[in-house]
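Enquirer: Quick note: the sequence shown uses the numbering used here, first residue 591, plus one each step.
Glycine included, every Cβ here is placed at the ideal spot set by N, Cα and C.
From a predicted model like this one, the values you see are computed outputs, not experimental measurements.
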Amino acid sequence: MSGEPALRIGRLNLAWLLPTGLLVTIAAVDTQTSGDLRIVTWIVLVPGIAAALCGVVATALFAAGAAALFALLDQAHEYRYHRGAVDFWLVVAGGLLAVLAAWLRRRARDLLVSVENAADATRLAVLRPIPRGAGGLESASVYLAADSAARVGGDFFDIQPSPHGTRVMLGDVQGKGTSAVDAAAALLSAFREAAYYERELAAVAWRLETRMRRHNYYIAALGQPDARFTTAVLVSFPPADTGWIELVNFGHPGPLALGGAERVRRLPEGEGAPLGMVDLVAGVEGHRWAGWPPTRRVPFGRGETLLLFSDGVTEARDRSGAFLPLTDRLEEDDDTAPATVVDRVSRAVLDHTRRRLADDTAVLAVRRTEHRGDEGIAPYAFPEPPPGVPRG
591 MSGEPALRIG RLNLAWLLPT GLLVTIAAVD TQTSGDLRIV TWIVLVPGIA
641 AALCGVVATA LFAAGAAALF ALLDQAHEYR YHRGAVDFWL VVAGGLLAVL
691 AAWLRRRARD LLVSVENAAD ATRLAVLRPI PRGAGGLESA SVYLAADSAA
741 RVGGDFFDIQ PSPHGTRVML GDVQGKGTSA VDAAAALLSA FREAAYYERE
791 LAAVAWRLET RMRRHNYYIA ALGQPDARFT TAVLVSFPPA DTGWIELVNF
841 GHPGPLALGG AERVRRLPEG EGAPLGMVDL VAGVEGHRWA GWPPTRRVPF
891 GRGETLLLFS DGVTEARDRS GAFLPLTDRL EEDDDTAPAT VVDRVSRAVL
941 DHTRRRLADD TAVLAVRRTE HRGDEGIAPY AFPEPPPGVP RG
């Protein structure tokens with residue numbers, strides 16, 4: 591990105607027009623007025639305006655031009671009307687300060703661009719693009735960061751095809767900042783491996799709980815006291831279209847099924863503790879954790895769209911404090927294509943909050959592709975390992 595402001599019509603850069611127009615206007619007015627009404631000293635404004643609109647080189651040219659024009663205009667009047675050396679050096683000093691200001695602005699903008707590029711790289715590393723039709727699912731997603739400069743926070747989602755079906759996850763790490771991003775990255779990496787290898791969705795869920803605890807142990811060992819917990823929902827689409835899906839919910843807002851007999855159907859809310867807090871809820875009875883969420887098998891028909899979202903949607907408020915009526919907004923349109931649904935939800939959140947997001951917002955919508963067969967899973971079958979290496 592350039593350090594210049596975007597004052598353009600097509601490829602034509604118009605940033606120079608305003609300081610040029612001001613320079614010409616001051617010169618014209620000064621030559622047409624009497625000596626008692628001279629405004630030539632106002633020419634010091636020209637490089638200042640150029641510093642706000644143009645680059646360093648252009649600002650330096652306007653500063654030099656303003657000083658030279660001041661000298662010419664001053665000499666054009668009778669001696670008794672000359673502004674003299676004091677005003678001339680004022681114009682020169684103003685020009686030098688303008689060049690410095692342009693350089694500082696350019697440097698600050700370049701730094702901002704660098705930060706934005708780093709944030710984009712982090713976002714792509716954490717929230718990798720989801721391939722079209724991955725695992726036999728049509729999908730669409732959006733991430734709305736409360737901090738526009740950060741670009742990514744603690745909300746995350748992914749789709750992982752596997753020999754056992756296609757697994758989907760959306761979660762929200764408690765807190766903000768780089769530590770939340772770090773926790774999200776740890777959980778996503780664990781999900782991508784566990785969702786591929788583990789046959790049962792409950793085993794995937796346990797691997798995530800283990801990873802969350804390991805992450806908290808790690809940051810505690812570094813002397814960082816801010817242990818994290820994460821709400822998340824896991825969904826498994828079986829390889830065959832069986833008419834149901836499996837769902838495990840760690841304290842997260844329940845997903846919605848759209849386009850069935852009920853236009854909007856709410857699936858089970860989070861029945862378990864958030865990841866990282868399962869062992870803190872009630873204690874242990876044998877191997878059965880009181881805070882451990884059950885694996886629910888819920889009906890999910892052909893053509894239905896599954897909508898997952900973070901609490902940035904459910905807790906979106908307007909100026910009066912009223913929550914977003916998500917169900918009402920979804921019932922306004924019968925189109926349940928994932929891209930349409932995600933666009934509708936994101937626009938509803940932004941309109942309801944007047945684009946003043948209090949929390950990061952993640953939205954993911956998926957549905958089975960119409961002509962799926964087995965092609966959604968077959969490419970993800972386990973590869974044959976070398977002799978002596980266990981399959982895993």
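Let me see if you follow: with CB-CB separation under 9 angstroms, is G685 close to chain C or not?
Expert: Absent here is chain C; the protein component of the structure consists of one chain.
Enquirer: Nearest-angstrom Cα distance between F890 and R909?
Expert: 37 angstroms
Enquirer: Could you check which residue in V647, T631 and W693 has the C-alpha nearest to that of V682?
Expert: T631
Enquirer: Beta carbon of A785, beta carbon of S752: below 9 angstroms?
Expert: Yes, the Cβ-Cβ distance between A785 and S752 is below 9 angstroms.
Enquirer: Can you say whether W882 is buried or exposed, counting buried as having 16 or more other CB atoms within 10 angstroms of its CB?
Expert: Classified as buried, W882 has 16 or more neighbouring CB atoms from the shown chains inside 10 Å of its CB.
Enquirer: P815 to A709, Cα distance in whole Å?
Expert: 25 angstroms
Enquirer: Measure from the alpha carbon of G911 to the alpha carbon of each residue in F660, L727, T943 and R697, then state which is nearest.
Expert: T943
Enquirer: Using only alpha-carbon positions, find the residue among I639, G655, R699 and L663 that is nearest to A688.
Expert: I639
Enquirer: May I have the straight-line CA-CA distance separating A847 from E921, to the nearest angstrom?
Expert: 12 angstroms
Enquirer: Using the three-state DSSP reduction, which class does I720 fall into: helix, strand or coil?
Expert: coil
Enquirer: When you compare only the Cα positions, how much space is there between H877 and I835?
Expert: Low local confidence applies: a pLDDT of 48 at H877 is under 50, so the model's placement there is unreliable, and no value is given.
Enquirer: By Cβ distance, which residues of its chain are closer than 8 angstroms to M793, with the 5 residues on each side in sequence left out?
Expert: Reading off the sequence shown, one finds Ala at residue 793, where the question assumed Met. Same-chain partners within the cutoff: A784.
Enquirer: State the DSSP-derived secondary structure class of G978, mapped to helix, strand or coil.
Expert: coil
Enquirer: So the candidates are V705, V868 and T926; which of them puts its Cα closest to the Cα of R818?
Expert: V868
Enquirer: With 16 other CB atoms within 10 Å as the buried threshold, where does G843 fall?
Expert: Here residue 843 is Pro; the residue named in the question, Gly, does not match the sequence. Burial call: buried.
Enquirer: Grab the span of the beta strand (DSSP E) containing G761 for me, first residue to last.
Expert: G755 to V763
Enquirer: Within 10 angstroms of its Cβ, does P928 collect 16 or more other Cβ (buried), or is it exposed?
Expert: Buried: at least 16 other Cβ atoms inside 10 Å.
Enquirer: Are three or more beta carbon pairs between the region 695-709 and the region 922-941 nearer than 8 angstroms?
Expert: no
Enquirer: Could you check what DSSP says for Q814 in three-state terms: helix, strand or coil?
Expert: In the structure shown, Q814 sits in coil (DSSP, three-state: anything other than H, G, I, E or B).
Enquirer: Assuming L897 and P845 form a contact by the criterion Cβ under 8 angstroms, report the distance between their Cβ atoms to the nearest whole angstrom.
Expert: 6 angstroms
Enquirer: Would you decide whether V874 is buried or exposed? Buried here means 16 or more other CB atoms lie within 10 Å of its CB.
Expert: Its pLDDT being 48, under 50, V874 is placed unreliably in this model, and the coordinates cannot settle the point.
Enquirer: Assign W606 to one of three DSSP states: helix, strand, or coil.
Expert: coil
Enquirer: Taking just the CA atoms, how far does S826 sit from G755?
Expert: 7 angstroms
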